[in-house]
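Below: one structure, written as structure tokens.
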Amino acid sequence: MTNRRNFLMAGAALAAWTIARGFVPAVRAAGGETFEVVKTDEEWRAILTAEQYGILRQEDTERPFTSALNNEKRKGIFHCAGCDLALYSSEAKYDSGTGWPSFWQSFPNAVGTREDDSLFMTRTECHCRRCGGHLGHIFDDGPPPTGKRHCINGLALTFAPAAA
1 MTNRRNFLMA GAALAAWTIA RGFVPAVRAA GGETFEVVKT DEEWRAILTA
51 EQYGILRQED TERPFTSALN NEKRKGIFHC AGCDLALYSS EAKYDSGTGW
101 PSFWQSFPNA VGTREDDSLF MTRTECHCRR CGGHLGHIFD DGPPPTGKRH
151 CINGLALTFA PAAA
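Counted from 1, the sequence shown has number 150 at position 150 by our numbering; the numbering is strictly sequential.
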């Protein structure tokens with residue numbers, strides 16, 4: 001028998017399930033920020049894979065330990081997969097054991113941040129400062145000298161090895 005209480009309980013369960021699954025129905029505005037690189041959804045979909053689009057434009061998260069960049073050990077530069085902005089040096093990369101590429105700092109003026117209240121907690125979301133593409137989150141449990149851990153989706157990045 002359907003009644004108001006059962007209907008509301010089912011709605012609450014569905015909402016909790018979608019949040020737990022990491023579903024974000026639409027790209028959140030980045031705190032009123034404006035970006036140098038602006039494209040329509042169709043333009044983004046044309047240049048990104050479906051997985052990259054989900055991460056960069058809809059704030060999805062890749063499964064841990066699935067990115068080849070997590071094990072990338074060569075010297076080089078990690079760029080935004082959306083607009084090719086240089087974001088991180090291999091010199092700042094370290095193995096955090098979390099399953100995602102991790103860095104203790106980005107290049108100056110490479111990433112923007114905002115508060116992320118999803119998943120019933122407050123985190124610091126980081127995104128490309130040029131195109132607004134979602135990269136991952138920044139935590140306060142990283143190594144010296146910054147104590148920060150930029151936990152980044154590998155699909156949000158491309159890697160350019162240093163010249164030999």
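In this text, a Cβ means the ideal position worked out from N, Cα and C, and glycines have one as well.
Nearest C-alpha to Y53 among D41, D116 and G147: D41. Around the beta carbon of G97, a 10 Å sphere encloses fewer than 16 other beta carbons of the protein chains shown; the residue is thus reported as exposed. With a minimum length of 3 residues, the unbroken runs of beta strand (DSSP E) contained wholly in the segment 110-145 fall at 111-116, 123-128 and 134-139.
Burial state of R57 is buried, judged by a 10 Å Cβ sphere holding 16 or more other Cβ atoms. By the neighbour-count criterion, in which a residue is buried when 16 or more other Cβ atoms sit within 10 angstroms of its Cβ, Y94 is exposed. Counting the other Cβ atoms within 10 Å of the Cβ of F78 gives 16 or more, which makes it buried. DSSP places R57 inside the alpha helix (DSSP H), whose first and last residues are A50 to Q58. Taking 7 Å as the cut-off, the beta carbon of G82 is found no closer than this to the beta carbon of G32. The C-beta distance from S102 to C151 rounds to 6 Å, short enough to meet the 8 Å contact threshold.
Annotation: the continuous alpha helix (DSSP H) that includes R45 extends over D41 to I47. Listed in chain order, the non-local C-beta contacts of G99 below 7 Å within the same chain comprise P64, F65 and N70, local neighbours out to five positions each way being set aside. The secondary-structure analysis by DSSP pairs C80 across a beta bridge with L157. At the C-beta level, L135 and A110 stay beyond 7 Å of one another. When only Cα atoms are considered, G76 and F120 end up about 36 Å apart. Here D116 is near E125, since their CB atoms are less than 7 Å apart.
One Cα belongs to A164, the other to T122, and the distance between them is close to 42 Å.
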